[in-house]
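Asks:
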Amino acid sequence: MSIKVSGTEGYAENAQSFVKQWRNISFAARHEPVLHLIPPAPSRILDVGSGVGTDAAALSALGHTVVAVEPVDELRVAGIELHPSSRVEWINDSLPDLAILLSRNETFDVVMLTAVWMHLDEAQRRRAMPNIASLVREGGILIMSLRHGPVPEGRRMFAVSAEETIQLARIQGLQPVLNLRAESIQQVNRNMGVTWTRLAFKSHSRNI
114 MSIKVSGTEG
124 YAENAQSFVK
134 QWRNISFAAR
144 HEPVLHLIPP
154 APSRILDVGS
164 GVGTDAAALS
174 ALGHTVVAVE
184 PVDELRVAGI
194 ELHPSSRVEW
204 INDSLPDLAI
214 LLSRNETFDV
224 VMLTAVWMHL
234 DEAQRRRAMP
244 NIASLVREGG
254 ILIMSLRHGP
264 VPEGRRMFAV
274 SAEETIQLAR
284 IQGLQPVLNL
294 RAESIQQVNR
304 NMGVTWTRLA
314 FKSHSRNI
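Add 113 to a position in the sequence shown, counting from 1, and you land on the number used in the working numbering.
1. Compute the Euclidean distance between the alpha carbons of Glu187 and Thr220, then round it to the nearest angstrom.
2. I'd like the ranges of any beta strand (DSSP E) spanning at least 3 consecutive residues and lying wholly in the stretch 278 to 317.
3. Which one or two residues does DSSP pair with His177 in a beta bridge?
4. Count the other CB atoms, across all protein chains shown, that sit within 10 Å of the CB of Ala212; report buried if there are 16 or more and exposed otherwise.
5. If we ignore side chains and look at the alpha-carbon of each, how far apart do Val264 and Arg238 end up?
6. In three-state DSSP terms, what is Ser198?
7. Have a look at Arg217 and Glu276 and give me their C-alpha separation to the nearest angstrom.
8. Can you tell me which of the three DSSP states Met231 falls into?
9. Suppose you measure from the CA of Leu291 to the CA of Leu312; what does that come to, to the nearest Å?
Here you go:
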C-alpha cells in the first residue's frame, strides 16, 4: 500500500478504475498540441506523475528512453505490468522535492508533467519549480498541462494559472514557447466543464 503522498489522495483507492480509464486515452490525441516540441528519438525523457505509464510506453515505442516517476504503488505496479519495456525505468518519487531523482544528478531532453501541477498547493509549487527546472538540460523542453474546473470528490486539487506557472518558470531560466487553452479530450471531463492549459518552456542558462 502506498505511503500517503500529498496530492495523491483518491488514486490508490480507485487504482483499478483509473487503469481502465487511462488505458483508453490516446497518447497522440492527448499530446497533439505539443508533439512538435518533442525532439527526434532517441531522446531522454522524464515523465513525472506517470500514472499507469500510458505516455511512457508510447514514448518508449517511438525510440525514446523514459524515466517514469509515480509515487502511488498501485499505479506504478500496474504500469510496470501493462507496459514492460527496457526503455522505461520506473522510480518511486514525488513532488515537490523529487529527492531520489535529484540525487542522481541527471538532466533530460524533455521533462513532462501531465495533469500533475494542480495537485500541489501554492507553497509546494514554489518549492517544486526549481527542482523541476534543474532536471531540464540546457536547451531542453519542459511540457506541462494545467487542469481547470471542479474537483472530483475525494481528490486534492488546487486552482492553478498559466500566469503564475510562467512566472515561476521564468525565475528558473525557463522561457515559455507555448501557452494554449483547450477543452478536455475526455467526455466525462467536458461534461464537468473541465478545461486545460498546455504550457511548454525551453531551458536557458540562469544569470545568477
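C-beta atoms are modelled at their ideal positions from N, C-alpha and C, and glycine is treated no differently.
Remember, predicted model here, so these are calculated numbers, not experimental data.
Replies: A quick look at the data gives this:
1. 27 Å
2. Here the runs fully enclosed are 287 to 296, 308 to 316.
3. In the DSSP assignment, His177 is bridged to no other residue.
4. exposed
5. 18 Å
6. The answer is coil: DSSP assigns Ser198 none of H, G, I, E or B.
7. 31 Å
8. helix
9. 5 Å
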